[in-house]
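Report on one structure; see the data block that follows.
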Amino acid sequence: MPSYVSKHASQKKIAVATAKQLLILEYYYESKEFVPVRILDTAQPTSCMLFTEHSLIVGADKFFEIDLSLFQAEEFLDASDLNLKPALKCHKLGSFPVGIVEVSQNPREYLLTFNEFSIFVDEYGRSSREKEIKNQHLPLAVHLIKNYLYVVQFAAVEILKISEEICNLTAGDSYRLGLTKFKLLGANAKGIFIEHDAHVKFLNARHLPDYDAVSIGSETTDNSRFSFTSSMVQSLDGNGSDSADLDHAPRVKFQQTDL
1 MPSYVSKHAS QKKIAVATAK QLLILEYYYE SKEFVPVRIL DTAQPTSCML
51 FTEHSLIVGA DKFFEIDLSL FQAEEFLDAS DLNLKPALKC HKLGSFPVGI
101 VEVSQNPREY LLTFNEFSIF VDEYGRSSRE KEIKNQHLPL AVHLIKNYLY
151 VVQFAAVEIL KISEEICNLT AGDSYRLGLT KFKLLGANAK GIFIEHDAHV
201 KFLNARHLPD YDAVSIGSET TDNSRFSFTS SMVQSLDGNG SDSADLDHAP
251 RVKFQQTDL
């Protein structure tokens with residue numbers, strides 16, 4: 001069940017998704033608890049969420065933006081932008097949103113990831129770069145940490161450094177770390193945590209070798225297609241690391257936005 005906590009100081013909100021609904025909860029100091037303020041029905045399960053200063057952007061069958069004052073939802077991408085035509089229609093082909101991350105705050109820019117590609121847009125849902133990032137492998141989740149985009153796939157983690165030139169002057173070079181039987185556990189301000197080969201490990205892209213490198217260091221396993229270096233991946237083994245009444249919460253539905 002996906003959930004997301006607002007990082008904006010003026011907001012005390014949490015968004016939680018079920019298979020058919022999206023719940024927005026707000027913290028009340030008087031009762032010292034989070035209380036549902038809206039329940040929204042979704043056509044598809046919510047796959048990703050991001051709080052902005054005044055709204056919540058969510059990915060379900062499409063990307064929607066929910067105004068946090070009026071709790072009205074509308075399609076986030078600008079339908080008049082011809083550069084976004086493939087993204088606006090991909091839900092009809094069974095291609096749905098996978099993730100959304102904030103790339104920069106000034107100017108405000110987001111990266112929206114679908115099954116086949118990722119696109120850069122501004123705060124109004126308009127295309128902000130000339131080209132898209134094409135996915136060679138199906139993404140399951142994305143994290144942007146210190147300008148490094150971590151794309152989690154079935155059998156790998158692909159890493160791409162995001163710069164102003166990406167999708168404008170250059171396509172960018174990605175580094176794909178082949179893995180077998182691994183699981184994404186979470187992320188912090190420096191990297192991502194994965195479970196691999198019966199160990200919890202920490203992946204920090206800043207310690208990656210040059211993209212031109214053919215292989216990486218030691219700690220190999222017979223079933224692994226990628227060799228970890230101790231500086232890049234740290235094993236963490238042995239290190240410390242009353243319900244609301246939803247029936248009475250106001251309900252709204254995403255408006256119909258099929259093109």
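Residue numbers for the sequence shown follow full-length UniProt numbering, beginning at 1 and rising by one. In this text, a Cβ means the ideal position worked out from N, Cα and C, and glycines have one as well. These figures come from a predicted structure and were not determined experimentally.
Reducing DSSP to helix, strand and coil, say where residue i ends up.
{"i": "H196", "result": "strand"}
{"i": "R129", "result": "coil"}
{"i": "D212", "result": "Note on D212: pLDDT 39, under 50, position unreliable in the model; the coordinate value appears next. If DSSP states are grouped into helix, strand and coil, D212 belongs with coil."}
{"i": "A141", "result": "strand"}
{"i": "L82", "result": "helix"}
{"i": "K92", "result": "helix"}
{"i": "A19", "result": "coil"}
Opposite residue i in the DSSP bridges: which residues?
{"i": "I14", "result": "V5 and L25"}
{"i": "K62", "result": "K62 pairs with nothing; no bridge assigned."}
{"i": "A187", "result": "I192"}
{"i": "P45", "result": "None, per the DSSP bridge assignment."}
{"i": "T170", "result": "I166"}
{"i": "F182", "result": "H196"}
{"i": "R176", "result": "E158"}
Could you check where the alpha helix (DSSP H) with residue i kicks off and where it finishes?
{"i": "P86", "result": "K85 to K89"}
If we call anything under 8 Å between Cβ atoms a contact, is residue i one with residue j?
{"i": "P97", "j": "F120", "result": "no"}
{"i": "F182", "j": "H196", "result": "yes"}
{"i": "I24", "j": "K13", "result": "yes"}
{"i": "L22", "j": "F63", "result": "no"}
Can you check which of these residues, the options, is closest to residue i by C-alpha distance?
{"i": "Y148", "options": "D173, G125, Q136 and S127", "result": "D173"}
{"i": "K161", "options": "K7, N204 and T52", "result": "N204"}
{"i": "G191", "options": "H143, I166, D41 and V5", "result": "H143"}
{"i": "L50", "options": "L70, Y27 and F76", "result": "F76"}
{"i": "F117", "options": "V151, E132 and I39", "result": "E132"}
{"i": "G178", "options": "A9, I159, L40 and G186", "result": "I159"}
{"i": "A60", "options": "I166, N83, T42 and L111", "result": "T42"}
{"i": "K134", "options": "F154, G186, A87 and K92", "result": "A87"}
{"i": "L70", "options": "L40, S128 and T46", "result": "L40"}
In the DSSP assignment, find the beta strand (DSSP E) that holds residue i and state where it starts and stops.
{"i": "L149", "result": "Y148 to Q153"}
{"i": "I162", "result": "Per DSSP, I162 belongs to no beta strand (DSSP E) and is neither H nor E."}
{"i": "S118", "result": "F117 to D122"}
{"i": "F76", "result": "Note, F76: premise wrong, no beta strand (DSSP E); not H, not E."}
{"i": "R206", "result": "First-last for R206: undefined, no H or E at that position."}
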